[in-house]
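Its first residue numbered 1, the sequence shown is counted upward by one per residue in UniProt numbering. Don't be surprised by glycine CBs; every beta carbon is placed ideally from N, CA and C.
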Amino acid sequence: MKPPILAVVMSTVISGTIMVLISSHWLTIWIGFEMNMLAIIPILMKKFNPRAMEASTKYFLTQATASMLLMLGIIINLLLTGQWTVLNMPSPIASNMMTAALAMKLGLSPFHFWVPEVTQGVPMSSGMILLTWQKIAPLSILYQIAPSMNPNLLMAMAIMSVLVGGWGGLNQTQLRKILAYSSIAHMGWMIAVTTYNPTLMLLNLTIYITMTLGTFMLFMLNSSTTTLSLSHTWNKLPLIASLILMTMLSLGGLPPLSGFIPKWMIIHELTKNDMAIMATFMAMTALLNLYFYMRLTYATALTMFPSTNIMKMKWQFESTKNTTLLPPLIMISTMLLPLTPMVLTLF
Numbered sequence: 001m002k003p004p005i006l007a008v009v010m011s012t013v014i015s016g017t018i019m020v021l022i023s024s025h026w027l028t029i030w031i032g033f034e035m036n037m038l039a040i041i042p043i044l045m046k047k048f049n050p051r052a053m054e055a056s057t058k059y060f061l062t063q064a065t066a067s068m069l070l071m072l073g074i075i076i077n078l079l080l081t082g083q084w085t086v087l088n089m090p091s092p093i094a095s096n097m098m099t100a101a102l103a104m105k106l107g108l109s110p111f112h113f114w115v116p117e118v119t120q121g122v123p124m125s126s127g128m129i130l131l132t133w134q135k136i137a138p139l140s141i142l143y144q145i146a147p148s149m150n151p152n153l154l155m156a157m158a159i160m161s162v163l164v165g166g167w168g169g170l171n172q173t174q175l176r177k178i179l180a181y182s183s184i185a186h187m188g189w190m191i192a193v194t195t196y197n198p199t200l201m202l203l204n205l206t207i208y209i210t211m212t213l214g215t216f217m218l219f220m221l222n223s224s225t226t227t228l229s230l231s232h233t234w235n236k237l238p239l240i241a242s243l244i245l246m247t248m249l250s251l252g253g254l255p256p257l258s259g260f261i262p263k264w265m266i267i268h269e270l271t272k273n274d275m276a277i278m279a280t281f282m283a284m285t286a287l288l289n290l291y292f293y294m295r296l297t298y299a300t301a302l303t304m305f306p307s308t309n310i311m312k313m314k315w316q317f318e319s320t321k322n323t324t325l326l327p328p329l330i331m332i333s334t335m336l337l338p339l340t341p342m343v344l345t346l347f
């Protein structure tokens, strides 16, 4: 894609999301979602091939269906209240419809089927945008309408999402699919806490985005798309292998790393609200995610897979990829735990 076209498309994606974030009128929110959806499709089809085209079509169909449901919910709300404002939503039908539409946009279970397929079909950089930036707008609306949503519906979707995110990733060898299932599980954690403390959802989203960006950038730096190609990292870039180990364990939510903060806070919030069984169940399903992250770290950094060259180290060529953002992202996604009190005062 030519730079001027990419600039126009990216600015439309960004302005669509910003429009959703700053609007308090349902129509402008819907227009923001539409702008965002239509502009992201050329980014998904950046490397034009049948696989990318199929993925983009799947993405378009699910997002268009979600937009239609959202508009239906908005119109029902308008007929009942006579207002377009976001915060006035007395009707449970409109509320449930909007929740379903936003869940479809986020890829929450039972509307999760498109996420792994689309992420696998598009290039790494497009997948990175899909699993990070595209989550901001729907979650901001969920944050605003949280008081009027049905908590039982949200909890059911959260339970299904953490289960699907855990089980789905177990048998995968494709890194993009693993990160897609990881995204579904993280969305489940965010939705679980939305009814009790929506601000914690924002904390979880921020940390999730930094961890996922860091992971994708490490994979892109190494040009890895499968577990097998990742297993040769020790031979080419030993430092990157150890960094992948750290970010993977952080994504799994192990205690000394940043990924533990949101899980710790959400479990704390759920137990405070007499949801100890739910918290226990979610902590147990997090082990499924941890298992497939551990499998990746084992393949990357803890074993020496057979390599084609006789020398222990490969000849190092100067990398042409831009890694300016990588160090701060890795720092944030691994070393934030001691700053938890400060993070909590911010959120």
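Give the straight-line distance between the Cα atoms of Ser-231 and Ser-11, rounded to the nearest whole angstrom.
As a first step, residue 231 is located in the sequence shown; it is residue number 231 there, counting from the start. As a first step, residue 11 is located in the sequence shown; it is residue number 11 there, counting from the start. Distance between the alpha carbons of Ser-231 and Ser-11: 37 Å.
Beta-carbon gap between Leu-200 and Phe-347 smaller than 8 Å
As a working mapping, residue 200 is identified with position 200 in the sequence shown. As a working mapping, residue 347 is identified with position 347 in the sequence shown. Contact flag set, yes.
Bridge partner(s) assigned by DSSP for His-186
Position 186 of the sequence shown, counting from 1, holds the residue named residue 186. DSSP lists no partner for His-186.
When the distance is taken between beta carbons, is Ala-158 closer than 8 Å to Met-104?
Start at 1 with the first residue of the sequence shown, and residue 104 comes out as number 104. Start at 1 with the first residue of the sequence shown, and residue 158 comes out as number 158. For Met-104 and Ala-158, no; Cβs fall outside 8 Å.
Among the residues of its own chain, which have a CB less than 6 Å from the CB of His-186, if the five just before and after it don't count?
Locating residue 186 in the sequence shown gives position 186, where the first residue counts as 1. Contacts found: Tyr-208.
Is any non-hydrogen atom of the ligand ATP found closer than 7 Å to the C-beta of Glu-34, if you look at the structure I gave you?
Within the structure as shown, the ligand ATP is missing, as the structure has no ligands at all.
What number of angstroms, rounded off, separates the C-alpha of Glu-269 from the C-alpha of Asn-289?
Residue mapping note: residue 269 aligns to position 269 of the sequence shown, counting from 1. Residue mapping note: residue 289 aligns to position 289 of the sequence shown, counting from 1. Cα-Cα distance, rounded: 21 Å.
Stretch pair the stretch 191-205 + the stretch 260-276: three plus CB contacts closer than 8 Å:
yes
Under the DSSP definition of a beta bridge, which residues are partnered with Thr-85?
Counting from 1 along the sequence shown, the entry for residue 85 is found at position 85. Per DSSP, His-25.
Relative to the C-alpha of Leu-179, which residue among Asn-171, Ile-145, Thr-85, Leu-131 is closest?
Position 179 of the sequence shown, counting from 1, holds the residue named residue 179. Ranking the options by Cα distance to Leu-179, first place goes to Leu-131.
Classification of Arg-176 by the beta-carbon crowding that lies within 10 angstroms, buried from 16 upward:
The residue you call residue 176 lines up with position 176 of the sequence shown. Answer is buried; the Cβ neighbour count reaches 16.
Taking the straight line between their C-alpha atoms, what separation do you get for residue 421 and Gly-16?
Because the chain in this structure spans residues 1 to 347, residue 421 falls outside the shown range and cannot be described.
Given a threshold of 16 other Cβ atoms within 10 Å of its Cβ, counted over all protein chains shown, does Ser-319 qualify as buried or as exposed?
By one-based count along the sequence shown, residue 319 stands at place 319. Looking at its Cβ environment, which holds fewer than 16 other Cβ atoms inside 10 Å, Ser-319 is exposed.
Secondary structure at Thr-226, three-state DSSP: helix, strand or coil?
Taking the first residue of the sequence shown as position 1, residue 226 is located at position 226. Strand.
Using three-state DSSP, classify Gln-174 as helix, strand or coil.
Reading the sequence shown from its first residue, position 174 is the one you call residue 174. Gln-174: strand per DSSP, three-state reduction.
Tell me the residue span of the alpha helix (DSSP H) that contains Met-97.
Position 97 of the sequence shown, counted from the first residue, corresponds to residue 97. Start and end: 92-106.
Measuring alpha carbon to alpha carbon, tell me which of Val-118, Pro-92, Gly-188 ends up nearest Pro-147.
Counting from 1 along the sequence shown, the entry for residue 147 is found at position 147. That would be Pro-92, whose Cα lies nearest to the Cα of Pro-147.
Beta-carbon gap between Leu-106 and Pro-138 smaller than 8 Å:
Counting from one through the sequence shown, the residue named residue 106 turns up at place 106. Counting from one through the sequence shown, the residue named residue 138 turns up at place 138. The answer is yes: Cβ separation under 8 Å.
What are the boundary residues of the alpha helix (DSSP H) that Pro-255 is part of?
Position 255 of the sequence shown, counted from the start, is the residue given in the question as residue 255. Note, Pro-255: premise wrong, no alpha helix (DSSP H); not H, not E.
Do three or more CB pairs link the stretch 213-225 to the stretch 161-173 at distances below 8 Å?
no
Just to confirm before moving on: does the CB-CB distance between Ser-250 and Ser-333 stay below 8 Å?
As a first step, residue 250 is located in the sequence shown; it is residue number 250 there, counting from the start. As a first step, residue 333 is located in the sequence shown; it is residue number 333 there, counting from the start. Going by C-beta atoms, Ser-250 is nearer than 8 Å to Ser-333.
Are Leu-27 and Trp-84 touching if we call contact CB-CB under 8 Å?
Numbered from 1 along the sequence shown, position 27 holds the residue referred to as residue 27. Numbered from 1 along the sequence shown, position 84 holds the residue referred to as residue 84. Yes.
Simplified DSSP state of Lys-242, which is helix, strand or coil
Along the sequence shown, one-based indexing puts residue 242 at 242. Here the sequence assigns Ser to residue 242, which means Lys is not the residue at that position. Helix.
Does Val-8 pass the burial test, meaning 16 or more other C-beta atoms within 10 Å, or should it be called exposed?
Mapped onto the sequence shown, residue 8 falls at position 8. Counting Cβ neighbours within 10 Å, Val-8 comes out exposed, since fewer than 16 surround it.
C-beta neighbour in chain B for Ala-241, strict 8 Å
Reference to chain B is not applicable here, since this structure consists of a single protein chain.
Neighbourhood of residue 351 by C-beta distance below 6 Å, restricted to the same chain and skipping five residues each side:
This structure cannot settle anything about residue 351, because the visible part of the chain is limited to 1 through 347.
Spatial neighbours of Leu-329 within its chain, please: C-beta separation below 7 Å, excluding the five flanking residues on both sides.
As a position in the sequence shown, residue 329 is number 329, starting the count at 1. So the list reads Thr-210, Leu-213, Gly-214, Met-217, once near-sequence residues are dropped.
Could you check the C-alpha separation between Leu-296 and Gly-252 for me, to the nearest Å?
The residue labelled residue 296 in the question sits at position 296 within the sequence shown. The residue labelled residue 252 in the question sits at position 252 within the sequence shown. Answer to the nearest angstrom: the Cα atoms are 11 Å apart.
Which value, in whole angstroms, describes the spacing of the CA atoms of Phe-281 and Arg-51?
Along the sequence shown, one-based indexing puts residue 281 at 281. Along the sequence shown, one-based indexing puts residue 51 at 51. Each residue's Cα considered, the two are about 37 Å apart.
Enumerate in chain order the residues of its own chain whose CB-to-CB distance from Gly-166 is below 7 Å, with the five nearest sequence positions on each side excluded.
Locating residue 166 in the sequence shown gives position 166, counting from the first residue. Result list for Gly-166: Ala-185, Thr-285, Leu-288, Asn-289, in chain order.
Relative to the alpha-carbon of Ile-129, which residue among Val-13, Met-331, Ile-266 has its alpha-carbon at the smallest distance?
Taking the sequence shown and counting its residues from 1, one reaches residue 129 at position 129. Minimum Cα distance to Ile-129 is reached at Val-13.
Leaving aside the five residues before and after Ser-161 along the sequence, list all residues of the same chain whose C-beta is less than 6 Å from its C-beta, in chain order.
For the purposes of this step, residue 161 is taken as residue 161 along the sequence shown, with counting starting at 1. Counting only Cβ-Cβ distances below 6 Å, and skipping sequence neighbours, we find Leu-108, Ser-109, Ile-184, Met-187, Gly-188.
What is the residue span of the alpha helix (DSSP H) that Met-284 lies within?
Position 284 of the sequence shown, counted from the start, is the residue given in the question as residue 284. Where Met-284 is concerned, the enclosing alpha helix (DSSP H) stretches over 276-297.
What would DSSP say about Leu-61, mapped onto helix, strand or coil?
Here residue 61 refers to the residue found at position 61 of the sequence shown. Reduced to three states, the DSSP call for Leu-61 is helix.
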